[in-house]
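Okay, so here's the structure we're looking at.
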Amino acid sequence: MENQKITGEDYFRDILYGPGDPFGTFSEKIERLFRLIDAVCEGVKPERFRTSLFKDLTKSEYREMQLAAWFLKIIDSEPLTGRVIYRIRDIVESSMMKFSGEELVLKANIFELHIDYNVLDGNYTVPVGEFTKYCTKISGSRFRLVYQSMEDGAVLIDDDLLRKIIREASVSFIKYLIEIIDRDIALEIFENFESTFQSLAKKAQNIKIETEMGPIDVESFPPCIKHYISDIRNGINLPHMGRFAMVSFLNKVGMKQEDIMGIFGTVPDFSARITEYQVRHVMGLISGIKYTPPKCETLRSNHLCYMGDDPICADERVKHPLTYYTIKKKKVQRKA
Ligand code: SF4
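As numbered in my numbering, residues 1317 to 1652 make up the sequence shown, in order.
So, in structure tokens, the structure goes:
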């Protein structure tokens, strides 16, 4: 028999789930997914872009997530991958609002969560390991294990928390797939869409470029940011807002994650894992939200302004450290 090449459609329809499994029209799914990724590349806000993908976590939508993982692996852009995954996460969380009780447990089962539902009190239990695996990714002390009630060695949770756990499980699922997918195989089975992938990869590069402010000119950093960097390098523990202002500033001017992490190398409470998570969070690589540093006024009221007699800081147009940087950089360039 002649060797037949596997297409993306064959893969999803026949290999992963077997013929006859209801996945819907493959070309429609592909097109919707491309449109979603394109919208994310273009920075279209979720409220302005509606999609029917990933909504109810049916078997078909579970496969939509798989498809998204394959596509993201092919496009191979870290900022885009983060944004798409978290767009999917938000869709999953809001669509889970219409489910509760046994139905919600069925949705959790899709991600192999072992949830028990108590019909009498309307609560659920989740094994400790699964609770900690997903709840450590949810911000807020009320989601820490120490504040939970236990029942027979499992954690008691309500609808709201179960929806959040499902949300985080969807993120882990897609990330895991991206990790294990072989990109060469992915490229081969989806080769019909090569030009679309190339154009999305090109657009994804712009995500970075748009936010960069040209080559980084450290000399043009405002006194506050220079002060924070120096404090950190000298082992002085900077308050949270100072760290936030510094990371968000450096990210906005285009510094790479590893270079920002390098500055934190000597922080007294340095923990590579926590710091990396915080840096990635501020950089928008986790939630897709890229933070902007606080205004001068806010930094001043938190005793984090170090303007001294700097004439640019004294300029009434300078209400933000990024404005300082733009003005100073232009001055330096004019002089050069
Ligand atoms: S005035 Fe603004 S830019 Fe200048 S040091 Fe203070 S906070 Fe930084």
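Even glycine gets a Cβ: it sits at the ideal position worked out from N, Cα and C. Computed from a predicted model, the values in this text were never measured in an experiment.
- Around the beta-carbon of Thr1341, fewer than 16 other beta-carbon atoms lie within 10 Å, marking it exposed.
- A check of alpha carbon separations from Asp1474 across Val1442, Phe1513, Ile1404 and Arg1399 identifies Val1442 as the nearest.
- Taking each of Leu1493, Ile1576, Thr1639 and Lys1568 in turn and checking the Cα distance to Ala1385, the smallest one comes out for Leu1493.
- In the DSSP annotation of this structure, Thr1441 is not part of any alpha helix (DSSP H); the continuous beta strand (DSSP E) holding it starts and ends at Asn1439 to Pro1443.
- Relative to Glu1418, the option among Ile1431, Gly1624, Ser1488 and Asp1406 whose CA is nearest is Ile1431.
- Listed in chain order, the non-local C-beta contacts of Gly1578 below 8 Å within the same chain number zero, local neighbours out to five positions each way being set aside.
- Phe1513 is the residue among Phe1513, Glu1347 and Leu1373 whose C-alpha sits nearest the C-alpha of Leu1396.
- Not one heavy atom of the ligand SF4 sits closer than 7 Å to the Cβ of Leu1554.
- DSSP lists Pro1443 and Glu1467 as the bridge partner or partners of Ala1470.
- Residue environment for Pro1627: exposed (fewer than 16 other C-beta atoms within 10 angstroms of its C-beta).
- According to DSSP, Asn1567 shares a beta bridge with no other residue.
- With 16 or more other Cβ atoms from the protein chains shown falling within 10 Å of its own Cβ, Ser1564 counts as buried.
- Annotation for Arg1458 indicates a beta carbon at 7 Å or more from all heavy atoms of the ligand SF4.
- In this structure, Lys1568 sits near Thr1608, with a CB-CB distance shorter than 8 Å.
- Comparing C-alpha distances from Leu1503 to each of Asp1392, Tyr1440, Gly1445 and His1619 shows the shortest one belongs to Asp1392.
- Taken in chain order, the unbroken stretches of alpha helix (DSSP H) that lie wholly in the stretch 1588-1650 and span 4 residues or more are 1588-1599, 1612-1617 and 1627-1630.
- Taking a C-beta distance under 8 Å as the contact criterion, Leu1369 and Arg1399 do not qualify as a contact pair.
- Note that the C-beta distance between Val1487 and Ala1470 is not below 8 Å.
- For Val1360, the shortest separation between its Cβ and any heavy atom of the ligand SF4 does not lie below 7 Å.
- Under the three-state reduction of DSSP, Asp1475 is assigned to helix.
- Pairing Ile1407 with Ile1401, the inter-Cα distance amounts to about 10 Å.
- Cα atoms of Met1381 and Gln1594: separation of roughly 26 Å, rounded to the nearest angstrom.
- Each residue's CA atom was taken as its position, placing Asp1437 and Ala1485 some 25 Å apart.
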